[in-house]
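Trainee: Quick note: the sequence shown uses our numbering, first residue 48, plus one each step. By construction, the Cβ of each residue, glycine as well, lies at the ideal position given by its N, Cα and C atoms. Below you'll find the structure I mean.
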Amino acid sequence: MSADTTTMVRFCNQQKIEELYCIEPHRNRVIALVRNDGQLKVVYPLEGYISPRLSIGFGEDFSQRLFDWKPDLVVTIT
Numbered sequence: 048m049s050a051d052t053t054t055m056v057r058f059c060n061q062q063k064i065e066e067l068y069c070i071e072p073h074r075n076r077v078i079a080l081v082r083n084d085g086q087l088k089v090v091y092p093l094e095g096y097i098s099p100r101l102s103i104g105f106g107e108d109f110s111q112r113l114f115d116w117k118p119d120l121v122v123t124i125t
């Protein structure tokens with residue numbers, strides 16, 4: 048994670064944020080973190096994961112693309 052992302056994760060952890068999605072378009076990467084046992088923890092693997100709060104899915108079979116230049120990483124909202 049970049050320094051900015053690490054700082055954001057620390058802040059969100061302190062504020063008791065339930066879910067955090069860090070999108071780093073210059074690195075062509077999405078990092079998902081979900082609160083578990085009182086801490087934000089990285090969701091891995093992200094492929095096939097569906098957010099319990101937002102109903103956003105991550106994977107190859109979904110219809111809405113997050114990054115046009117990376118066709119194998121897409122997002123869908125149900």
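#1: Could you check the C-alpha separation between Gly-104 and Lys-88 for me, to the nearest Å?
#2: Could you pull out every residue in the same chain whose Cβ sits closer than 6 Å to the Cβ of Glu-94, ignoring the five residues on either side in sequence?
#3: How is the beta strand (DSSP E) around Gln-86 delimited, first residue to last?
#4: Measure the alpha-carbon distance for Ile-78 versus Phe-58 and round it to whole angstroms.
#5: Distance, Cα to Cα, Asn-75 vs Val-81?
#6: With a CB to CB cut of under 8 Å and the five nearest residues on each side skipped, what residues in its chain are close to Tyr-96?
#7: Tell me Cys-69's beta-bridge partners as DSSP assigns them.
Mentor: Checking against the coordinates, here is how it stands:
#1: Locating residue 104 in the sequence shown gives position 57, where the first residue counts as 1. Locating residue 88 in the sequence shown gives position 41, where the first residue counts as 1. Near 17 Å, if we compare the C-alpha coordinates of Lys-88 and Gly-104.
#2: Translated into the one-based positions of the sequence shown, residue 94 becomes position 47. The residues are Gly-106.
#3: One-based indexing of the sequence shown puts residue 86 at position 39. Where Gln-86 is concerned, the enclosing beta strand (DSSP E) stretches over 86-89.
#4: Along the sequence shown, read from residue 1 onward, the residue named residue 78 stands at position 31. Along the sequence shown, read from residue 1 onward, the residue named residue 58 stands at position 11. If I take the Cα positions, the gap works out to 16 Å.
#5: For this step, residue 75 is matched to residue 28 along the sequence shown. For this step, residue 81 is matched to residue 34 along the sequence shown. The alpha-carbon atoms of Asn-75 and Val-81 are separated by roughly 20 Å.
#6: If you number the sequence shown from 1, residue 96 lands on position 49. So the qualifying residues of the chain are Ala-79, Val-90, Gly-104, Phe-105 and Gly-106.
#7: By 1-based counting over the sequence shown, the position of residue 69 is 22. Per DSSP, Ile-78.
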